[in-house]
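Enquirer: Pasting a structure here, questions to come.
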Amino acid sequence: RVLYIRNLPYKITSDEMYDIFGKYGAIRQIRVGNTPETRGTAFVVFEDIFDAKNACDHLSGFNVCNRYLVVLYYQSTKAFKRVDVDKKQEELEKM
Numbered sequence: 001r002v003l004y005i006r007n008l009p010y011k012i013t014s015d016e017m018y019d020i021f022g023k024y025g026a027i028r029q030i031r032v033g034n035t036p037e038t039r040g041t042a043f044v045v046f047e048d049i050f051d052a053k054n055a056c057d058h059l060s061g062f063n064v065c066n067r068y069l070v071v072l073y074y075q076s077t078k079a080f081k082r083v084d085v086d087k088k089q090e091e092l093e094k095m
């Protein structure tokens, strides 16, 4: 149900995101990155997993302001693995 979008124009608004992604189904939430590390990225949470799949299939490579969107399925396990790797690295450095 959650899509991770990369390569967004930095000036894109949530309303524009709703216009683009709302065509594919009901959206529960959109979070657009606003810090220097997260600019150009967003999370789009759909109500239905099939709507998310449809949006991912149709919008991956979609051109917005001369930038081609990269639309991926968000995998929380990968996000947490990165945190775990960082923690393990810190523990090794302490030894």
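In full-length UniProt numbering, the protein residues as written are 1 to 95.
Ideal Cβ placement from N, Cα and C applies to all residues, glycine included.
Predicted model, so just to flag it, every value in this text is computed and none were measured.
(1) Tell me the DSSP secondary structure of N66 in three-state form.
(2) Roughly how many whole angstroms lie between the Cα atoms of K75 and T35?
(3) Can you tell me where the alpha helix (DSSP H) with L3 in it begins and where it stops?
(4) What's the call for D48, buried or exposed, on a 16-neighbour Cβ count within 10 Å?
(5) Quick check: what's the CA-CA separation for C56 versus E93?
(6) Got a sec, what are the start and stop residues for the alpha helix (DSSP H) I20 sits in?
(7) Hey, Y10 and R39: beta-carbon distance below 8 Å or not?
(8) Can you tell me where the alpha helix (DSSP H) with N52 in it begins and where it stops?
Expert: So, from the data block:
(1) In the sequence shown, counting from the first residue as 1, residue 66 sits at position 66. Correct three-state label for N66: coil.
(2) What you label residue 75 is simply residue 75 of the sequence shown in a count that begins at 1. What you label residue 35 is simply residue 35 of the sequence shown in a count that begins at 1. According to the sequence shown, residue 75 is Gln rather than Lys. Taking the straight line from one Cα to the other gives about 21 Å.
(3) Reading the sequence shown from its first residue, position 3 is the one you call residue 3. It is not in any alpha helix (DSSP H) - L3 instead sits in the beta strand (DSSP E) that spans V2 to R6.
(4) Along the sequence shown, read from residue 1 onward, the residue named residue 48 stands at position 48. Answer is exposed; the Cβ neighbour count stays below 16.
(5) Counted from its first residue, the sequence shown places residue 56 at position 56. Counted from its first residue, the sequence shown places residue 93 at position 93. Answer to the nearest angstrom: the Cα atoms are 40 Å apart.
(6) On the sequence shown, residue 20 is found 20 positions in, with the first residue counted as 1. That run of the alpha helix (DSSP H) goes S14 to F21.
(7) As a first step, residue 10 must be located in the sequence shown, where it is residue number 10. As a first step, residue 39 must be located in the sequence shown, where it is residue number 39. Yes. Within cutoff.
(8) Here residue 52 corresponds to residue number 52 of the sequence shown, with the count starting at 1. First, the amino acid is wrong: residue 52 is Ala here, not Asn. That run of the alpha helix (DSSP H) goes I49 to L59.
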